[in-house]
Every structure is written in C-alpha cells, then in structure tokens.
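Asks: In my numbering, the protein residues as written are 844 to 1088.
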Ligand code: SF4
C-alpha cells in the first residue's frame, strides 16, 4: 500500500465524481476516457512528477493516459521501483490508465550515452528518444494530444524539452500540450511525501546520478565552510572583546 491515510492535499491527485474517488476500471477504453475529457497521452518520468500534471490537465478538460517509456533510468532495480511506484499511484490514487511502451536501452546507449557529461546535448537526445516513443504510441493508440511530466521538474532543461516535444508532435501530426507545471513542483513534493511514494534523488541516467552526488557533496562542503567561517568570526569577535576591556 502506498498510504494508509490520505490528506486533503494528497487527494488533489484523485479523480472522482463530486469528490468521490472512483475505482479504476481496468477495461477502460479511449472511448470511455473521451466521455471524461479529451484523451491525451502523457509521457511520465515517475509517479511523483505525474501528480500535478494529471490534476491540472484534468482541470483543463483533458483525460490523461500515462505513457511509461524511460530506458534512461539506471540501474534496472531503480527503473523497476519508479515504475512500480507510478503504477500503484495510478491504480490506487489517481485512477489513470498506464501504457507501458517500448524501451530500447541499446538505442539509449548508442544515441544518448556517448554525450556523457555534456548535459545539454545528452538531455536533448534523451528527451527526443522518450518523446518519440510516446508520439509513436499516441499515433498507434489513436490519441491526438501529447504532453510530458518532464515539464514539472525545475531540474529539467525546460526550453530544450519544449522544443523537442513541439517538433516531434508536429512530425507525428499530433498536438503538443505544453504547460509550465514547475510552479506546482513544491505541491508535488508535499503530496508525494504524504502518500509515502518513493522519491528519487537523481534524474535517471548514471550520469545524472554522478552529477547529483557531486552537487550534494558541494552543498555539504559549502555548509561546512560557512560554519567554519562563522566559528572563526565568533573567535575573532571574542578576542576583540577581550583586548578592548
Ligand atoms: S539527466 Fe535525465 S534527461 Fe538528462 S540524459 Fe540523464 S536521464 Fe535523460
């Protein structure tokens, strides 16, 4: 179980008639979704990042179906944990359908990994692979609208991702629904904590795991240096006080 009790803010991600949470019907079809709202295929990178986009897209009149395609996530155990977290939330809380699409890890290694620590080029190529699979899935499954939860995290390269999705959507004859969900990132953090969802501390690939570990270490070093400076200042002030008596 993700959570035994769900607070008001956690309920924000739920769908229901007049506030009543509905159980997901596993045979839900696109036609049935159309009666709830305009069907839209939403690429999702993880459960926590899906909370606010699903809520806000529903408020706009869309009915999202989530598309999972993230061959970037390493190691495999981390990939499976994020997918499991998303599936549980989608089934038990948000009542949203999930399509697990193709994931070509070999293509990711060949087309993205060679960019290594060149983050701008690496992330753009990574967005392109995942969003191309999402767009192909959308066409196969009869969707006209596509979006992505990548637009909620302030850690993503927002403009680059927007550009990639716009170009791909146009190429596949789809409409890109691009929204700036970043102002809702704190709400997503709060809600996912309340739901006791697994929350990762790096984007997904092994490069991002290393970059995040370096950033955390730099932060720790900066805090340590600040504390040392404050201690030195206190000692200096005390010495002045003693000398000035
Ligand atoms: S940092 Fe994230 S978006 Fe960029 S390449 Fe790695 S997994 Fe992909």
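For every residue, glycine included, the Cβ atom is placed at its ideal position computed from N, Cα and C.
For residue 883, count the other beta carbons within 10 Å of its own beta carbon; 16 or more makes it buried, fewer makes it exposed. Which is it?
Replies: The residue in question, residue 883, is buried, as its Cβ has 16 or more Cβ neighbours within 10 Å.
Asks: Using only the alpha-carbon positions, how far apart do residue 978 and residue 1019 sit?
Replies: Computed Cα separation, rounded: 10 Å.
Asks: Where does the unbroken beta strand (DSSP E) through residue 932 begin, and where does it stop?
Replies: From DSSP, residue 932 is part of no beta strand (DSSP E) but of the alpha helix (DSSP H) over 919-932.
Asks: Does any heavy atom of ligand 1 sit closer than 7 Å to the C-beta of residue 910?
Replies: The answer is no for residue 910.
Asks: Let's test the definition: count the other Cβ atoms within 10 Å of the Cβ of residue 915 and tell me whether it reaches 16, buried, or not, exposed.
Replies: Burial call: buried.
Asks: Compute the minimum distance between the beta carbon of residue 969 and the heavy atoms of ligand 1, and state whether it is under 7 Å.
Replies: Yes; taking the cut-off as 7 Å, the Cβ of residue 969 has a heavy atom of ligand 1 nearer than that.
Asks: Who does residue 883 pair with in a DSSP beta bridge?
Replies: Residue 883 is bridged to 907 and 988.
Asks: Give the single residue among 1017, 1008 and 887 whose Cα lies nearest to the Cα of residue 988.
Replies: Among 1017, 1008 and 887, the Cα nearest to that of residue 988 is on 1017.
Asks: With burial defined as no fewer than 16 other Cβ atoms inside 10 Å of the residue's Cβ, what is the status of residue 966: buried or exposed?
Replies: Residue 966 comes out buried.
Asks: So what's residue 912 in DSSP terms, helix, strand or just coil?
Replies: DSSP places residue 912 in coil when its eight states are reduced to three.
Asks: Of all the options 942, 969 and 939, which has the alpha carbon lying nearest to the alpha carbon of residue 953?
Replies: Among 942, 969 and 939, the Cα nearest to that of residue 953 is on 969.
Asks: Could you compute how far the alpha carbon of residue 1081 sits from the alpha carbon of residue 1063?
Replies: Cα to Cα, residue 1081 sits roughly 27 Å from residue 1063.
Asks: Helix, strand or coil for residue 1058, going by three-state DSSP, please let me know.
Replies: In the structure shown, residue 1058 sits in a helix (DSSP, three-state: H, G or I).
Asks: The beta strand (DSSP E) spanning residue 941 covers which residue range?
Replies: Unbroken beta strand (DSSP E) run through residue 941: 941-943.
Asks: Please report the distance separating the alpha-carbon of residue 1025 from that of residue 889.
Replies: The alpha-carbon atoms of residue 1025 and residue 889 are separated by roughly 15 Å.
Asks: DSSP three-state label for residue 948, please.
Replies: Helix.
Asks: Measuring from the CB of residue 1046, is there a heavy atom of ligand 3 at a distance below 7 Å?
Replies: The model on display carries ligand 1 but not ligand 3.
Asks: I need the boundaries of the alpha helix (DSSP H) containing residue 900, first residue and last residue.
Replies: Its alpha helix (DSSP H) spans residues 894-902.
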